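The sequence shown lines up with residues -29 to -1, 1 to 301 when you count with mature numbering (1 follows the signal peptide of the UniProt record, and there is no 0). A virtual CB, placed ideally from N, CA and C, is assigned to each residue, including glycine. Fair warning: this is a prediction, and the values are worked out from it, not measured in the lab.
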Amino acid sequence: MNTTMKRRAVVLGLAAALALTGCSSDDEATPSASTTTGTPTASPTTEAPAEPTAEDLAALASITLEGPDGAELAAGAEPTVTFEPEVSVTAPVAKVYSEGDGEVVEDGQKLSIQLVRTSGADASVLSTTYGATPEEIVLGDTTVFPALTQALTGATIGSRIVFLSPVEGAEGATTTEVMALEITGARTVPTRAEGTAVEPEAGLPTVTLDDTGKPSVDIPEGYEAPTELVVQPLIEGDGPEVTADQSVTAHYTGMLLDGTVFDSSWDRGTPADFPLSGVIPGWTEGLAGQKVGSQVLLVIPADKGYGDQASESIPANSTLVFVVDILDAY
């Protein structure tokens, strides 16, 4: 999600700890679905990714995953990642360690992944999602390391993936992280809102959709900024109701009352993922209680937006107009 939607810094679990390959501490991370979910993402660069060496592939082959006390590793169980310390690679490498017995995952699906990160230096566990909420990753997302995408492509639910990546630290020192991923689920997320059309109240901004579902908004002449939050469903989906403690996947366009578009996931070409606890109050209050699959018009007064503070291209005390397609909630 674009940073204009954030009302405070949100700690993103693994993403906060995972330095990106080739990305120094002075680089600005580009917000995306993958960074939001915390899965390993590729740093923004125009350079071709480094090719793994024979030594890199040998390091990948040296990793083993075991159950407790060396027992067989059961599905859904957190693995013990075993290797000789001082494992190091010069380029990201990944492989399917073991095949699952579920269905083959498909490009564009959102994968649920359990993940253990360990230090290549001493095999110590850096973090784990086991016992907590799985990470989410979209198969085919171009921000994900190509090596990891290649390993995930054609894999089955239940498969375990081993992924090694060089990581550049704050002082320029490069270390290696060893990651063990388990695909625990996959679901297809729609690309636009689908459901029953809802007749909006008269006098509100008018929303028109093109063939792809991208909205344009016409602000009526003389439209007065509301003092209360306006929540107008335009399409009612048939999915579960969204709760304020969930994260959502959404396509959206945001504009000022003068018609200036300041943010649009449609223009970026990909939906955004974000926690409803980490956005402006107008979004949290406006989307909680709506159904997945719905499209919602929000007209947000300044006190539920950014108040008297300017935010990037949004002036202080601005009323905000959004059209939001709720594609998923988790």
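By Cβ distance below 7 Å, which residues in the same chain neighbour residue 185 in space, the five residues on each side in sequence not counted?
Hits under 7 Å: 237.
Rounded straight-line distance, which links the Cα of residue 215 to that of residue 181
Going by the C-alpha atoms only, they are around 30 Å apart.
Quick test of the definition: if touching needs 3 or more C-beta pairs under 8 Å, does the stretch 113 to 122 touch the stretch 131 to 142?
Here the stretch 113 to 122 makes contact with the stretch 131 to 142; the two share three or more CB pairs at distances below 8 Å.
Three-state class that DSSP yields for residue 234 in the structure shown:
The answer is strand: DSSP assigns residue 234 an E or B state.
By the DSSP assignment, the alpha helix (DSSP H) with residue 119 in it spans what residues?
Its alpha helix (DSSP H) spans residues 117 to 123.
Taking residue 201 as the reference, which of 147, 152, 256 and 280 has the closest Cα?
Among 147, 152, 256 and 280, the Cα nearest to that of residue 201 belongs to 256.
Please list the terminal residues of the continuous alpha helix (DSSP H) segment that includes residue 290.
Residue 290 -> no alpha helix (DSSP H), and no H or E assigned at all.
When you compare only the Cα positions, how much space is there between residue 29 and residue 143?
Those two C-alpha atoms are separated by around 25 Å.
Terminal residues of the continuous alpha helix (DSSP H) containing residue 276?
Here residue 276 belongs to no alpha helix (DSSP H), and DSSP marks it neither H nor E.
Is DSSP giving residue 139 helix, strand or coil here?
Residue 139: strand per DSSP, three-state reduction.
Measure the beta-carbon distance from residue 123 to residue 82 and round it to whole angstroms, keeping in mind my assumption that it falls under 8 Å.
Right, the Cβ-Cβ distance comes to about 7 Å (below 8 Å), so this counts as a contact.
Rounded C-alpha distance that separates residue 266 from residue 163
Between the alpha carbons of residue 266 and residue 163 lies a distance of about 8 Å.
Can you list, in chain order, the residues of its chain whose CB lies under 8 Å from that of residue 155, leaving out five sequence neighbours each side?
Once the five neighbours on either side are set aside, the close Cβ partners of residue 155 are 47, 83, 84, 85, 105, 128 and 129.
Among 176, 286, 49 and 78, the one whose alpha carbon lies nearest that of residue 103:
Ranking 176, 286, 49 and 78 by Cα distance to residue 103 puts 49 first.
Can you give the Cα-Cα distance for residue 300 and residue 25, rounded to whole angstroms?
Cα to Cα, the separation comes out at about 42 Å.
Is DSSP giving residue 26 helix, strand or coil here?
Helix at residue 26.
Residues near residue 226 by beta carbon distance below 7 Å, same chain, minus five either side
Result list for residue 226: 188, 232, 233 and 292, in chain order.
Hey, how far is the Cα of residue 296 from the Cα of residue 68?
Rounded to whole angstroms, residue 296 to residue 68 spans 37 Å at the Cα level.
Would you kindly report the start and end of the unbroken alpha helix (DSSP H) that includes residue 252?
Per DSSP, residue 252 is one residue of the alpha helix (DSSP H) stretching across 252 to 258.
Helix, strand or coil for residue 92? Go by DSSP, reduced to three states.
Taken through DSSP and simplified to helix, strand or coil, residue 92 comes out as coil.
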